[in-house]
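*Asks:* Residue numbers (the working numbering), protein chains in the order written: chain A, 11 to 451; chain B, 1053 to 1133.
#1: So which residues of chain A does residue 1090 of chain B contact, with C-beta pairs closer than 8 Å?
#2: Sorted by chain position, which residues of the same chain lie with C-beta nearer than 8 Å to residue 99 of chain A's C-beta, five sequence neighbours on each side aside?
#3: So residue 84 of chain A is in the alpha helix (DSSP H); what residue range does that whole segment cover?
#4: Would you report the Cα separation of residue 289 of chain A and residue 42 of chain A, rounded to the nearest angstrom?
#5: Flag this pair as yes or no: are the beta carbons of residue 69 of chain A and residue 130 of chain A separated by less than 8 Å?
#6: Taking Cβ positions only, does residue 408 of chain A come closer than 8 Å to chain B?
#7: List the residues that DSSP assigns as beta-bridge partners of residue 358 of chain A.
#8: Is there a C-beta anywhere in chain A that falls below 8 Å from the one on residue 1060 of chain B?
#9: Just the C-alpha distance for residue 451 of chain A and residue 440 of chain A, rounded to the nearest angstrom, thanks.
#10: Consider the Cβ of residue 451 of chain A: report whether some Cβ of chain B lies at a distance smaller than 8 Å.
#11: Please identify, using Cβ separations under 7 Å, the residues of the stretch 1096–1119 of chain B that lie next to chain A, in order along the chain.
#12: Could you check whether the Cβ of residue 1094 of chain B sits closer than 8 Å to any Cβ belonging to chain A?
#13: Can you find a CB in chain A that lies within less than 8 Å of the CB of residue 1124 of chain B?
#14: Please check the pair residue 285 of chain A and residue 267 of chain A, which I expect to be a contact at CB under 8 Å, by giving their CB distance rounded to whole angstroms.
#15: Whose C-alpha, out of A:103, A:275, A:291 and A:321, is nearest the C-alpha of residue 90 of chain A?
#16: Please list, in chain order, the residues of the stretch 420–448 of chain A that have any C-beta partner in chain B closer than 9 Å.
#17: Could you name the residues of the stretch 199–210 of chain A whose beta carbon sits closer than 9 Å to any beta carbon of chain B, in the order they occur along the chain?
#18: Could you tell me how far apart the beta carbons of residue 182 of chain A and residue 134 of chain A are, in whole angstroms, since I believe they sit closer than 8 Å?
#19: Tell me whether residue 1 of chain A is buried or exposed, calling it buried when 16 or more other Cβ atoms sit within 10 Å of its Cβ.
#20: Report whether the distance from the Cβ of residue 133 of chain A to the nearest heavy atom of the ligand SAH is below 7 Å.
#21: Decide yes or no for the touch test of the stretch 202–222 of chain A against the stretch 296–315 of chain A: beta carbon pairs closer than 8 Å, at least 3 of them.
#22: Can you tell me which of the three DSSP states residue 1115 of chain B falls into?
#23: Entirely within the stretch 246–293 of chain A and at least 3 residues each: give me those beta strand (DSSP E) ranges in chain order.
#24: What distance in whole Å lies between the Cβ atoms of residue 241 of chain A and residue 381 of chain A, which are believed to be in contact at a cut-off of 8 Å?
#25: I want to verify the contact list: residues of chain B whose CB lies under 9 Å from the CB of residue 373 of chain A, in sequence order.
#26: Tell me the DSSP bridge mates of residue 73 of chain A?
#27: Of all Cβ atoms in chain B, is any one closer than 8 Å to the Cβ of residue 176 of chain A?
#28: Is the CB of residue 302 of chain A under 8 Å away from at least one CB in chain B?
#29: Alpha carbon to alpha carbon, how far is residue 1132 of chain B from residue 339 of chain A? Give it in angstroms, no decimals.
#30: Ends of the beta strand (DSSP E) at residue 413 of chain A?
#31: Since residue 158 of chain A and residue 150 of chain A should fall inside the 8 Å C-beta cutoff, what is the C-beta to C-beta distance between them, to a whole number of angstroms?
#32: When the Cα atoms are used, what is the spatial distance from residue 355 of chain A to residue 293 of chain A?
#33: Which same chain residues end up closer than 8 Å to residue 136 of chain A when comparing Cβ atoms and leaving out the 5 residues on each side of it in sequence?
#34: Is the Cβ of residue 387 of chain A closer than 8 Å to any Cβ of chain B?
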């Protein structure tokens, strides 16, 4: 999992892991041997420890269960049950969580010398939570094969990501970086975007990935010029024309691309032509990644998809042809499919369906708008009406004239029931820990 | 501004924003003949909730709903007492 090479490192705000040290040192000490063949819950407080523990555990544990950051005892018990975990790796700087497992091992940094070399002979399975927005997260199982199937060779590059490595998107980046990058710089939820950009500038990051919401914050940041990326990648949310164009203008020498991926379906495809959506000719059953559109929803079959859901009442992950239902609704526009929203997120205005994402794309296209969030306002007449919150671009006036102008532009671009009936200006939009727009309060 | 004036002004604003031609407003004009469609009406009710602090359509219970402009104004007047 970790390619050799001097000076290669993974850096968080507070700690730098020197990868070559893993040859003779570890974060779990010689207690690692007690975890051989076990299903191990990984519940540590920060990404440096998580990265170290993952390197230590790969090949030793039968299964690694990545627990979402901040998971409390109740969540850990549920994850342990779903994954039949019999061991726990916990944060050595905090009290061990109160859950019943056969073995528990503390993870500590800095790395401590090992008395005996690591024995890694198993093909470890990787379980991680999906980013589902309703109800408790489901666990899916991946292998190193499914997690790395989309990789192209990486050498000498300096990677960075806004994502947390304990979720699929961030884990992808970590594994790619370990396979050959010179460095990987990771963020921190308590760090401002400005401070993160300064750190990325100091690290000389060349390949940077984040969600469109993360990147909109970069576009609004006074420190955006600190970085000189070669490759800007967007993933995790719909990348609209406005954010893509904004990044191409800000970083004219960078290659800007958006990737369609999910924890369940894996990395399906990357779009590099500077436009939202994807070419209609991507759809088809041939090739390493097969795409189908069924009832306007995208389905994916590939060798990058997760193996299955975990847990006693786990639903089937794939249909009878092996396709994963992504829940993402698409619409054909000419020779291109556009993402219009999540299946479950529809606003119903007097029987007419509205996808918030489609309205956000129209709002974000306006010159005064940097970012937007569209949501339902209850109506006793039509059930719901479309409302929007706007973050203005620098220099745009937060006044009635701007409001009228934005609303008029929406009415010109969308049917009347889709255009927002209410608009308010806000300083920032709510975001999930995963960096996506938070849609439920 | 009185409730009457607030409601009439809101009707005119919504009609203008939504590009609808309003019939001349008077108390006996049936709401269905004003030129406002259900979307316009829904927006009007929400705007009036923001302006007046009341939404009698939501709190209506099983009373009669207004069918003319005059009844609409009385409906809101009763809710604001």
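A virtual CB, placed ideally from N, CA and C, is assigned to each residue, including glycine.
*Replies:* On the basis of the supplied data:
#1: Under the 8 Å cutoff, chain A gives 360, 391 and 392.
#2: 38, 45, 50, 51, 52, 53, 54, 63, 67, 114, 115, 116 and 117
#3: 83–93
#4: Approximately 48 Å between the Cα atoms of the pair.
#5: The answer is yes: Cβ separation under 8 Å.
#6: no
#7: A:363
#8: no
#9: Residue placement at residue 451 of chain A is flagged as unreliable, the pLDDT there being 42, under the threshold of 50; the coordinate-derived value follows with that caveat. Taking the straight line from one Cα to the other gives about 8 Å.
#10: Any answer about residue 451 of chain A is weak, because its pLDDT of 42 lies below 50 and its placement is not dependable; what the coordinates show is given next. No, no contact with chain B.
#11: 1097, 1098, 1107, 1109 and 1110
#12: Yes, residue 1094 of chain B lies at the interface with chain A (some Cβ there is under 8 Å from its Cβ).
#13: So no, residue 1124 of chain B is outside the interface.
#14: Not really, about 11 Å apart at Cβ, beyond 8 Å.
#15: Here the closest residue by C-alpha is A:321.
#16: Taking 9 Å as the Cβ-Cβ cut-off against chain B, the residues of the stretch 420–448 of chain A that qualify are 421, 426, 427, 431 and 432.
#17: Answer set for the stretch 199–210 of chain A: empty.
#18: About 16 Å; that fails the 8 Å criterion.
#19: In the structure as shown, chain A starts at 11 and stops at 451, and residue 1 of chain A therefore has no counterpart that could be examined.
#20: Ligands are entirely absent from the displayed structure, and the ligand SAH is therefore not among its contents.
#21: Contact between the stretch 202–222 of chain A and the stretch 296–315 of chain A is absent: fewer than three C-beta pairs spanning the two stretches fall below 8 Å.
#22: coil
#23: 265–272 and 276–281
#24: Wrong, their Cβ atoms sit about 23 Å apart, outside the cutoff.
#25: None at all; the shortest Cβ gap to chain B is about 16 Å.
#26: The partner list for residue 73 of chain A (beta bridge, DSSP) reads A:49 and A:135.
#27: False, the Cβ-Cβ gap to chain B never drops below 8 Å.
#28: No, because no Cβ of chain B sits closer than 8 Å to the Cβ of residue 302 of chain A.
#29: 44 Å
#30: Here residue 413 of chain A belongs to no beta strand (DSSP E); instead the alpha helix (DSSP H) covers 410–423.
#31: Actually they are not in contact, since the Cβ atoms of residue 158 of chain A and residue 150 of chain A sit about 16 Å apart, beyond 8 Å.
#32: 24 Å
#33: 73, 74, 76, 151, 152, 153, 154, 157 and 181
#34: yes
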